[in-house]
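As C-alpha cells, the structure follows; a few thoughts come after it.
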Amino acid sequence: MCTTPLIEGVKTAYPDANLYLLINKVSQDVVKNNPHLTKVFVYKKAKHKAKNETTLGVYFERLMIFLQLRKIKFDAAILANPVPCKYSLRLAKMAGVKNIIGADLGSSEIHHPFRAADFHGKHQVEHTFSYLSAITDRSIAIPPVKVFLTAEEQQQAQQRLQSLLPPVERVFAVHISSRSPKRRWPIERYAEIINRLVADPTTGVLIFWSPQGTLTPDDIGDQKRAEQPIGWLPE
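First residue of the sequence shown: 1, per UniProt numbering; consecutive thereafter.
What follows is the structure in C-alpha cells.
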C-alpha cells in the first residue's frame, strides 16, 4: 500500500515507461486495476500455498515467472522497501536486473544504495517515495495513496458504508493485522487512536483485520483481536 505513491511518481516522471511490479500474492489486491502498471507478476511463498497445491508446484510456478522476467530488459529495479532486504535483492538478481536501487546492504550488489540520510520524511510512504530521486531530478509531489476500484466495487463499498456508519464527513480505516508478531501493535494503542478519531462527531471509523485463512489454510486470523477495541469504545 505504501508503495502506490512511488508507482505513480515513476509514471509521472516517465509517462512512456513500461512499469512492472513483482508482488507477493498476499498484497496483490492493493494494485488491482492500477493504471500506472504495465504488468503485475504475482508470486507465492510456499507457506501460503492452498490446500490443493504442492510446494513443488509453487516453486515451479515461481520459476516460470522469473523466466518471463528475464526476457524483459529492465533499465532499473527499485527494491521498494525503505529498510535493507536481502530477499528483495535476491529476487531482483533472479530477474536479471543490472541496475538495482534499494536500501544499503553494505554490498556492491545494490548499485544505487540509499542510506538513512537519503530517506526523507517520517512516514513509510515518504521514505519509499524517496527512491524516486534515484531516477529523476524532478521535484514531484507525493501523490495520495490510492487503490482503484471498479464501478461495481465502488457501489458495493458505498452501500456497505451506509449500512455500517451514520452519515459522517470523514471515514478512517484502521487495520489491526500484521503477519509478524514483532510488528504487531498492542491492541490498546489502536483503541486509543480510534477513540481520538471518533471524539469528532463528524468522523467515522471502520476496523479491518485479516480473517481466518487469509495467509494459510490453518491461519486463525484476527477476529478476536478485532473484537477487543470495539468493546473499549464509547457507546
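Positions of the beta carbon are idealized from the N, C-alpha and C atoms, including for glycine. Remember, it's a predicted structure, so these values are computed and weren't measured experimentally.
Residue i versus the options, residue with shortest Cα-Cα distance
{"i": "Ala92", "options": "Val83, Leu79, Ala103", "result": "Leu79"}
{"i": "residue 287", "options": "Asp118, Leu63, Ala95", "result": "An answer regarding residue 287 cannot be provided, because it is not within the stretch 1 to 235 covered by the chain."}
{"i": "Arg170", "options": "Asn81, Ser177, Gln162", "result": "Gln162"}
{"i": "Arg138", "options": "Asn24, Lys146, Phe129, Val145", "result": "Phe129"}
{"i": "Asn195", "options": "Val174, Gly106, Pro181", "result": "Val174"}
Residues that DSSP places opposite residue i in a beta bridge
{"i": "Thr203", "result": "Arg170"}
{"i": "His112", "result": "Ile101"}
{"i": "Ala77", "result": "Ile100"}
{"i": "Val42", "result": "Ile23"}
{"i": "Phe208", "result": "His175"}
Assigned exposure category for residue i - 16 Cβ within 10 Å defines buried
{"i": "Lys44", "result": "buried"}
{"i": "Val97", "result": "buried"}
{"i": "Ala103", "result": "buried"}
{"i": "Tyr131", "result": "buried"}
{"i": "Lys47", "result": "exposed"}
{"i": "Tyr190", "result": "buried"}
{"i": "Pro5", "result": "buried"}
Cut-off 8 Å between Cβ atoms - residues of its own chain near residue i, not counting five sequence neighbours on either side
{"i": "Phe172", "result": "Leu197, Thr203, Gly204, Val205, Leu206"}
{"i": "Gln28", "result": "Val40, Val42"}
Other residues of its chain near residue i: CB distance less than 6 Å, five sequence neighbours each side excluded
{"i": "residue 303", "result": "Look at the range of the chain in this structure, 1 to 235, and you will see that residue 303 is not part of it."}
{"i": "Asp200", "result": "none"}
{"i": "Thr3", "result": "Ala80, Thr128"}
{"i": "Ile142", "result": "Pro5, Phe129"}
Own chain, CB closer than 7 Å to residue i, minus 5 neighbours either side, in chain order
{"i": "Ile140", "result": "Gly9, Thr12, Ala13, Leu132"}
Beta strand (DSSP E) runs wholly inside the segment 106-153, at least 3 long, in chain order: Runs of the beta strand (DSSP E) inside the segment 106-153: 112-114.
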